[in-house]
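Residues in the sequence shown are numbered consecutively from 8, following the working numbering. Quick reminder that beta carbons are idealized off the backbone N, C-alpha and C, glycines included. Each remark here refers to the structure printed beneath this line.
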Amino acid sequence: QVQLVESGGGLVQPGGSLRLSCAASGFTFSNYRMNWYRQAPGKERELVAGISAYGGTTTYADSVKGRFTIFRDNAKNTVYLQMNNLKPEDTAVYSCNAQGVDINYWGKGTPVTVSS
C-alpha cells in the first residue's frame, strides 16, 4: 500500500523556520522525482519545489528561491523541505507528491501557518 505521510508543519512567526518531512512507503522511492506543493485558502495548488530521483536536480518556485531547500534521503525513503525566513504568504497546506511516468501519488498534507 502506497503511503506518503507529511509531518513538521505548524505555527511559526514571520522570519522563522520549519522543516517538513515526507515519509514514503509502498513503492520504490529512489526511482521517482519528488515534489512539494502547497495550497493556500482560496488559491490554486502550486508547485513549491521538486527534486530528481537521485537528488541531482532541484527546482523551485520563484517565490521561495533562496529561502526553501528540498532534499532527500533515499536510504530513509524521505524527502524534506527546509523552509527559512518564512513569510505570511507562505501559509498553506503543504503536500508531497511522487511523480513518474507510471505513478502520481499524494500525501494528505501538513498545515503551515506563518503569523505573529
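For residue j and residue i, believed in contact at Cβ under 8 Å, the rounded distance
| i | j | result |
| --- | --- | --- |
| SER102 | TRP113 | 6 Å |
| ILE77 | GLY57 | 7 Å |
| SER37 | ASN104 | Between ASN104 and SER37 the Cβ distance is about 16 Å, and since that is not below 8 Å, they are no contact. |
| ARG40 | SER59 | 6 Å |
8 Å Cβ cutoff met for residue i and residue j
| i | j | result |
| --- | --- | --- |
| ASN42 | GLN89 | no |
| TYR87 | SER28 | yes |
| THR85 | GLU13 | no |
| LEU25 | GLY16 | yes |
Through-space distance from residue j to residue i, alpha-carbon basis
| i | j | result |
| --- | --- | --- |
| THR120 | GLN10 | 24 Å |
| LYS115 | LYS72 | 24 Å |
| ILE110 | ALA31 | 13 Å |
| ASP69 | LYS94 | 14 Å |
| GLN8 | GLU51 | 28 Å |
| THR65 | GLU53 | 16 Å |
| LEU22 | THR35 | The sequence shown places Gly at residue 22, not Leu. Taking the straight line from one Cα to the other gives about 36 Å. |
| ARG79 | VAL55 | 15 Å |
| GLU83 | GLN20 | According to the sequence shown, residue 83 is Lys rather than Glu. Near 30 Å, if we compare the C-alpha coordinates of GLN20 and LYS83. |
Buried versus exposed call for residue i [16 or more other C-beta atoms within 10 Å across all chains shown]
| i | result |
| --- | --- |
| LEU18 | exposed |
| ASN92 | exposed |
| VAL108 | exposed |
**OP:** May I ask you to verify whether the segment 39-48 touches the segment 87-101, counting CB pairs closer than 8 Å and requiring at least 3?
**Re:** yes
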